[in-house]
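Asks:
In my numbering, the protein residues as written are 205 to 412.
1. If we count the other Cβ atoms within 10 Å of its Cβ and call it buried at 16 or more, is residue 382 buried or exposed?
2. Let me know the secondary structure DSSP gives residue 327 once reduced to three states.
3. Can you give me the start and stop residues for the alpha helix (DSSP H) that residue 388 sits inside?
4. Please look up how many angstroms separate the CB atoms of residue 225 and residue 280, rounded, as I've assumed it's under 8 Å.
5. Can you tell me the Cβ-Cβ gap for residue 234 and residue 257, rounded? I've got them flagged as a contact below 8 Å.
6. Is the CB-CB distance between residue 372 and residue 361 below 8 Å?
7. Going by DSSP in three states, residue 206 sits in which element: helix, strand or coil?
8. What first and last residue would you give for the alpha helix (DSSP H) that runs through residue 313?
9. Roughly how many angstroms lie between the CA atoms of residue 333 and residue 289, to the nearest whole one?
10. Quick one: what's got a C-beta closer than 7 Å to residue 276's C-beta in the same chain, skipping five residues either side?
11. In terms of residues, what are the limits of the beta strand (DSSP E) holding residue 273?
12. Look at residue 407 and residue 351 and say whether their C-beta atoms are less than 8 Å apart.
13. I need the straight-line Cα distance from residue 395 to residue 379, nearest angstrom please.
14. Tell me the rounded alpha-carbon separation between residue 440 and residue 213.
15. Taking the continuous beta strand (DSSP E) assigned at residue 360, which residues delimit it?
Listed below in structure tokens is the structure:
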């Protein structure tokens with residue numbers, strides 16, 4: 205088989221692949237299908253559910269026969285600041301492979317049976333994780349802004365890391381470092397009078 209024939213087989217296989225994915229989408233009427241061209245004879249289709257869950261398709265073909273190919277099905281997992289729910293680590297993510305030649309109806313059934321139950325369960329965990337983290341972020345920001353307003357100081361927000369934000373309260377009379385984690389607060393009293401420390405603690409109790 206020469207190069208021209210090989211390229212034609214690839215094009216035919218890709219055409220069949222896109223037709224198959226379009227056929228699969230018909231069995232998911234509430235999902236929105238989108239096909240993004242990649243290269244001259246490849247595309248990466250995806251289907252998005254009303255709740256934001258997203259299914260990706262990827263063709264892996266080989267051989268000199270148009271029907272020799274496999275569709276890999278994987279999913280989208282929400283993240284928060286570059287971090288995923290612990291159950292959504294790459295090694296735990298759901299994916300399946302289905303043979304291209306089996307046709308759209310069989311492939312749609314395989315996706316519903318073998319992929320969607322586990323994927324949607326993990327997707328829901330990720331959504332809850334992101335919402336919980338955003339709530340904690342809001343509390344963290346409110347605490348820092350309150351301390352800054354009451355006591356001044358310098359807010360330090362580490363960029364590109366998962367380190368907690370801090371505020372340095374540094375005056376002639378007092379110095380302290382308050383580290384505001386998402387679920388806890390650490391106070392390092394460098395030097396403060398009992399009255400000053402009590403004011404800081406009272407302010408933190410107000411936020412809680």
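Using N, Cα and C, we set each Cβ at its ideal position, and we do this for glycine too.
Replies: Well, looking at it:
1. Here residue 382 is buried. Its C-beta has 16 or more other C-beta atoms within 10 Å.
2. The three-state reading of DSSP puts residue 327 in helix, counting H, G and I together.
3. First-last for residue 388: undefined, no H or E at that position.
4. 16 Å between Cβ atoms; not a contact.
5. Actually they do not touch by this definition, with Cβ atoms about 11 Å apart.
6. Not in contact: residue 372 and residue 361 (Cβ atoms no closer than 8 Å).
7. Assignment of residue 206 by DSSP, reduced to helix, strand and coil, places it in the coil class.
8. Where residue 313 is concerned, the enclosing alpha helix (DSSP H) stretches over 308–314.
9. Straight through space, the alpha carbons of residue 289 and residue 333 are spaced by roughly 6 Å.
10. Only 262, 264, 299 and 301 meet the Cβ criterion.
11. Per DSSP, the unbroken beta strand (DSSP E) holding residue 273 starts and ends at 273–279.
12. A contact, by the Cβ cut-off of 8 Å.
13. Our two residues, residue 395 and residue 379, have alpha carbons roughly 5 Å apart in a direct line.
14. Past the edges of the chain, shown from 205 to 412, lies residue 440, and the structure says nothing about it.
15. For residue 360, the uninterrupted beta strand (DSSP E) segment begins and ends at 358–360.
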